[in-house]
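Enquirer: Quick one: this structure, given as structure tokens, is what I'll be asking you about.
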Amino acid sequence: MTHTGRIAACLFLICIAGPLFAGAWQREPGTGFASLTQRLSWPQDTTTWQSYEPTARYTSLYLEYGIAPRTTLGLDLGLAVSGAEKLVVFAQRPLHQPDRGARLAYEIGFGRIAGQTVLRPGLSLGLGWDKGWFAADAIAEIPLTFDATDIKIDLTLGRNLPEDHKLILQLQTGDTEMDPPFVRLETSVSRPLLGRFPRLKAETGVSLGLVNDASMGIKFGLVTSF
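Read left to right, the sequence shown gives residues -22 to -1, 1 to 204 (mature numbering (1 follows the signal peptide of the UniProt record, and there is no 0)).
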């Protein structure tokens, strides 16, 4: 992405006010969501493998909590668009929240990525129906030096299955200062865990790089609402 294009994208996100990860749906006051995920990846070209050990692995932690009827606070800890370590706190608020139809929300985040202080604005669009949902989420990770903005856009399609199982298909895209734009496909299944913790769900999935990403991977984690 050119310097002018990055500036335009950032201005777009800021002017319509905001980022991604909390999504377009508001958390009710006093309720929250948490996920802990482990991802492992290998080169798609198996002839380059030296062993079965993954060539990359990382753990991510994501939290959000509704503190008011129109405000969700959250924490996003893991890897940024560039692959660098990140810790971002954010506040999300709605732009358009009708009873039916598409929803819009914005987020402003602030934190550290690769040792730099960053501002993270973004925008989320969501559309839900009885059997599933669609979401489009965009963020910009802007160092306060304003010299290396990274952009990420994810498109997610979810399907509600029997017995509270969910099938999730996500197209992940990003553009960083140092690397060419990438496209990755990830699919996962969420299912309730049996026993004493009915709100706890297990999520497992696989990913495949499509454009400027020669990796393939697996993920597994735990998610819960409270």
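Even glycine gets a Cβ: it sits at the ideal position worked out from N, Cα and C. Just so you know, these numbers come straight off a predicted model, no measurement behind them.
Just to confirm my understanding: we take PRO47, look at its own chain, exclude 5 residues before and 5 after, and list those with CB closer than 7 Å. What are they?
Expert: Once the five neighbours on either side are set aside, the close Cβ partners of PRO47 are PRO7.
Enquirer: Quick one: what's GLU119 bridged to in DSSP?
Expert: Bridge partners of GLU119: ASP128.
Enquirer: Take ASN190 and list the residues in its own chain whose beta-carbon comes closer than 6 Å to its own, dropping the five residues that flank it on each side.
Expert: So the list reads PRO158 and PHE160, once near-sequence residues are dropped.
Enquirer: Between which two residues does the beta strand (DSSP E) holding HIS74 run?
Expert: 63 to 74 is the span of the beta strand (DSSP E), which, as asked, contains HIS74.
Enquirer: Among the residues of its own chain, which have a CB less than 6 Å from the CB of GLU181, if the five just before and after it don't count?
Expert: Once the five neighbours on either side are set aside, the close Cβ partners of GLU181 are SER166, SER168, GLY199 and VAL201.
Enquirer: Return the first residue and the last residue of the beta strand (DSSP E) that TRP20 is part of.
Expert: Element bounds for TRP20: 10 to 21.
Enquirer: Give the straight-line distance between the Cα atoms of PHE(-2) and ASP125, rounded to the nearest whole angstrom.
Expert: Confidence at PHE(-2) is low in this model, with a pLDDT of 38, below 50, so its placement is unreliable and no value can be given for it.
Enquirer: Starting from ALA83 and walking both ways along the beta strand (DSSP E), at which residues does that stretch end?
Expert: Note, ALA83: beta strand (DSSP E), 81 to 91.
Enquirer: Beta-carbon separation of ALA2 and ALA83 under 8 Å?
Expert: The answer is yes: Cβ separation under 8 Å.
Enquirer: Can you list, in chain order, the residues of its chain with a C-beta nearer than 6 Å to that of ALA12? Leave out the 5 residues immediately preceding and following it.
Expert: Result list for ALA12: LEU41 and THR202, in chain order.
Enquirer: For the beta strand (DSSP E) that contains GLY183, what are its first and last residues?
Expert: Per DSSP, GLY183 belongs to the beta strand (DSSP E) from 178 to 189.
Enquirer: Looking only at its own chain, which residues have a Cβ that is under 8 Å from the Cβ of ALA192, when we skip the five neighbours before and after it?
Expert: Hits under 8 Å: PRO21, GLN22 and ASP23.
Enquirer: Using only the alpha-carbon positions, how far apart do ILE146 and THR95 sit?
Expert: The alpha-carbon atoms of ILE146 and THR95 are separated by roughly 32 Å.
Enquirer: Where do the N-terminal and C-terminal ends of the beta strand (DSSP E) with THR151 fall, by residue?
Expert: Unbroken beta strand (DSSP E) run through THR151: 144 to 153.
Enquirer: Give the single residue among PRO176, LEU51 and GLY183 whose Cα lies nearest to the Cα of GLY10.
Expert: Closest by alpha carbon: LEU51.
Enquirer: How should GLU31 be labelled, buried or exposed, when 16 other C-beta atoms within 10 angstroms of its C-beta is the threshold for buried?
Expert: GLU31 should be labelled exposed.
Enquirer: Could you have a look at THR26 and say whether DSSP puts it in helix, strand or coil?
Expert: Three-state DSSP puts THR26 in a helix.
Enquirer: Could you have a look at PHE(-2) and say whether DSSP puts it in helix, strand or coil?
Expert: Its pLDDT being 38, under 50, PHE(-2) is placed unreliably in this model, and the coordinates cannot settle the point.
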